[in-house]
Each structure stands twice: as C-alpha cells, then as structure tokens.
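J.: Quick note on numbering that gives the first Met the number 0: the sequence shown kicks off at 0 and runs consecutively.
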Amino acid sequence: MPEIAENLKALNQRIAAAAGRSGRRPDEITLVAVTKTVGASQIRKALAAGVTDIGENYVQEAIDKYLQIGAGPRWHMIGHLQRNKAKHAVGVFDLVQAVDSLELAEELGKRALTVGKTMDILIEINVSGEESKFGIKPAQALSLASRIAQVEGVRVQGLMSMAPFMDNAEETRPYCAALKALWDRLPDEQRRFLSMGMTQDFEVAIEEGANMVRVGTAIFGPRRA
Ligand SMILES: *Cc1c(COP(=O)(O)O)cnc(C)c1O
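1) Please find out if some non-hydrogen atom of ligand 1 comes closer than 7 Å to the beta-carbon of residue 198.
2) Which residue comes first and which comes last in the beta strand (DSSP E) that contains residue 156?
3) If you drop the 5 nearest sequence neighbours on each side, which residues of the same chain put their C-beta closer than 8 Å to that of residue 21?
4) Taking the runs of the beta strand (DSSP E) that are 3 residues or longer, which of them lie wholly in the stretch 4-81?
5) Check whether the Cβ of residue 77 sits closer than 7 Å to any heavy atom of ligand 2, and report yes or no.
6) Just verifying my parser: in three-state terms, what is the DSSP assignment at residue 100?
7) Under a Cβ-count criterion, where at least 16 other Cβ atoms within 10 Å of its own Cβ denotes burial, should residue 8 be classed as buried or exposed?
8) Check for me: the alpha helix (DSSP H) holding residue 193 runs from which residue to which?
9) Consider the C-beta atom of residue 132 and the heavy atoms of ligand 1; say whether any pair is separated by less than 7 Å.
10) Where do the ends of the alpha helix (DSSP H) carrying residue 143 lie?
11) Is the Cβ-Cβ distance between residue 52 and residue 80 less than 8 Å?
12) I need the boundaries of the beta strand (DSSP E) containing residue 223, first residue and last residue.
13) Relative to the C-alpha of residue 57, which candidate in 168, 46 and 85 has its C-alpha closest?
14) Sort 183, 62, 187 and 178 by Cα distance to residue 195 and report the nearest one.
15) With a threshold of 7 Å (Cβ to nearest heavy atom), would residue 215 be considered close to ligand 1?
16) Out of 149, 114, 185 and 150, state which residue places its alpha-carbon closest to the alpha-carbon of residue 137.
17) Restricting to Cα atoms, I'd like to know which of 199, 187, 190 and 189 is closest to residue 169.
18) Identify which residue in 167, 188 and 174 has its Cα closest to the Cα of residue 157.
19) Could you check where the beta strand (DSSP E) with residue 123 kicks off and where it finishes?
20) Taking only heavy atoms of ligand 1 into account, decide whether any of them is closer than 7 Å to the Cβ of residue 35.
21) Check for me: the alpha helix (DSSP H) holding residue 91 runs from which residue to which?
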C-alpha cells in the first residue's frame with residue numbers, strides 16, 4: 000500500500016478508537032487533511048485513499064491547488080484570514096474556520112451574498128490566552144457568535160481552536176475540555192462543528208468532544224520548514 004494510504008489507514012483506526020472512547024461512532028468525526036506545503040499530486044493520493052476534506056492555511060496556496068483539484072473535496076480555510084482576501088476565500092472555501100472578528104464575518108457575508116452563497120464559518124478561540132495566537136478570548140465567544148448570527152451571508156457552524164504546543168498531549172486536555180464546555184453553550188443551530196486536535200493531540204481532542212480534527216503530519220509526513 001502506498002505510504003499516504005497506509006498513514007490514513009492507521010490514522011483512521013486511531014480516530015475510530017478515540018471516538019469509541021468518547022461514546023461516538025467513527026463517522027461522527029470529520030477528518031480534515033491539512034495540506035499546507037503539500038503538492039497537488041500528494042493531495043490526489045489522499046483523496047483517492049478516502050479523504051473528503053482538506054485544510055489550507057493560505058488563500059493563494061489554496062487557489063493554486065483548487066485550480067488543479069477542483070471542488071470535489073470540501074475546502075477548509077484553517078489559517079488566519081486577512082479581510083482583503085475575503086473575496087477570494089469565498090470563491091474557494093466551504094468552511095472558513097478561523098474567524099475571530101465581527102468585521103471579518105461582515106466582509107465574508109458581503110462577498111458571499113454577491114455570489115449567491117452562504118459562507119459557513121467557525122469562530123476561532125484562543126483557549127490558552129497566549130499573546131501570540133489569533134482568536135478571541137473564550138469570554139467573548141458567545142457574544143461574538145450572537146452578533147455574527149445577525150450578519151447576512153454567513154452562518155456560524157461552531158468553534159475551532161489550536162491548543163498550545165505541549166510535549167505531552169495529555170497537557171492539552173484541560174484546554175480541549177474548556178473549549179467543549181464553551182461549544183455546548185452555543186445555540187443549537189450553531190453547534191455543528193467543534194474543530195480541535197492536530198497530529199500531536201487529536202486523540203485527546205476527540206476524547207474531550209471534538210468532532211472535527213485537522214491533521215497534516217500524520218498523513219503526509221513532516222513538512223519542509
Ligand atoms: C498545520 C496545522 C494543522 C495540522 O498540523 P499537524 O501537526 O501537521 O497535524 C492543524 N491546524 C492548523 C491551524 C494548522 O496550521
């Protein structure tokens with residue numbers, strides 16, 4: 000079996016096991032294959048091996064690959080999005096995961112309406128309060144979600160977060176649990192996706208309630224720096 004297919008098989012088994020430990024079925028967890036720095040030919044191998052969702056961090060890089068791969072998979076914007084890129088983002092992405100301001104949501108809504116689309120978004124939470132991270136403070140999440148709910152052209156579908164990097168994945172557990180508790184307080188119509196967990200900590204994230212994980216390295220191997 001080719002390496003990417005083999006990696007995916009092992010990853011899906013680990014996802015299924017973690018889902019089981021949290022009382023859920025494997026198909027309740029969406030795997031977003033993170034493809035930053037990964038070329039279109041590798042992405043095609045992942046799609047052939049069953050990947051349905053791919054995540055990119057930069058709009059231009061995503062556009063380049065979208066032109067080669069097309070709208071088959073669901074495209075996720077997982078990086079920080081600048082407002083002046085909203086127009087292009089709306090053209091490519093199915094879910095913009097890292098929205099952390101009303102202004103960005105308004106711009107996405109405006110651009111989405113002009114092309115007759117509703118842009119699904121997640122609100123990015125800075126769950127650890129680290130200064131260097133994007134995302135809003137947990138205490139502001141619910142009020143931002145209710146304000147964005149009034150914005151035409153966008154639809155809040157949940158929350159996303161990156162736990163701080165820890166040597167031991169267990170140390171991310173409290174952050175994952177805190178994000179899950181916040182997600183539980185969203186109104187029903189916004190409580191669709193809880194996106195947390197990467198190669199290093201996806202099992203802990205699933206055990207704590209994530210239903211969407213974003214994994215790159217475990218599928219494609221280490222990225223060239
Ligand atoms: C790169 C990235 C990931 C995936 O990281 P891996 O450690 O390669 O699994 C997930 N989420 C975001 C926001 C990323 O930038």
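Ideal placement from N, C-alpha and C gives every residue a C-beta, glycine not left out.
T.: If we stick to the structure as given:
1) Counting from one through the sequence shown, the residue named residue 198 turns up at place 199. For ligand 1, at least one heavy atom lies less than 7 Å from the Cβ of residue 198.
2) Along the sequence shown, one-based indexing puts residue 156 at 157. Taken as a continuous stretch (DSSP letters only), the beta strand (DSSP E) holding residue 156 covers 153-159.
3) As a position in the sequence shown, residue 21 is number 22, starting the count at 1. The answer, listed in chain order, is 205, 206, 207 and 208.
4) 29-33, 52-55 and 73-76
5) As far as ligands go, the structure on display features ligand 1 and does not contain ligand 2.
6) Position 101 of the sequence shown, counted from the first residue, corresponds to residue 100. Three-state result, residue 100: coil.
7) The residue labelled residue 8 in the question sits at position 9 within the sequence shown. Looking at its Cβ environment, which holds fewer than 16 other Cβ atoms inside 10 Å, residue 8 is exposed.
8) For the purposes of this step, residue 193 is taken as the residue at position 194 of the sequence shown. From DSSP, residue 193 is part of no alpha helix (DSSP H) but of the beta strand (DSSP E) over 192-194.
9) In the sequence shown, residue 132 corresponds to position 133, counting from 1. Residue 132 Cβ: outside cutoff for every heavy atom of ligand 1.
10) Taking the sequence shown and counting its residues from 1, one reaches residue 143 at position 144. Run containing residue 143: 137-147, per the alpha helix (DSSP H) assignment.
11) Your numbering for residue 52 matches position 53 in the sequence shown. Your numbering for residue 80 matches position 81 in the sequence shown. Cβ distance not < 8 Å, so residue 52 and residue 80 don't count as in contact.
12) Position 224 of the sequence shown, counting from 1, holds the residue named residue 223. Run containing residue 223: none; DSSP gives neither H nor E here.
13) Taking the first residue of the sequence shown as 1, we reach residue 57 at position 58. Checked all of 168, 46 and 85; the closest Cα to residue 57 is 85.
14) If you number the sequence shown from 1, residue 195 lands on position 196. Nearest of 183, 62, 187 and 178 to residue 195, Cα basis: 178.
15) On the sequence shown, position 216 is the one that residue 215 refers to. Residue 215: yes, Cβ under 7 Å from ligand 1.
16) The sequence position of residue 137 within the sequence shown is 138, counting from 1. The shortest C-alpha separation from residue 137 is found at 185.
17) As a working note, residue 169 is residue 170 in the sequence shown. Measuring from the Cα of residue 169, the nearest candidate turns out to be 199.
18) Translated into positions along the sequence shown, residue 157 becomes position 158. Considering only alpha carbons, the answer is 188.
19) Residue 123 sits at position 124 when you count from the first residue of the sequence shown. 118-123 is the span of the beta strand (DSSP E), which, as asked, contains residue 123.
20) Mapped onto the sequence shown, residue 35 falls at position 36. The answer is yes for residue 35.
21) One-based indexing of the sequence shown puts residue 91 at position 92. Note, residue 91: alpha helix (DSSP H), 85-91.
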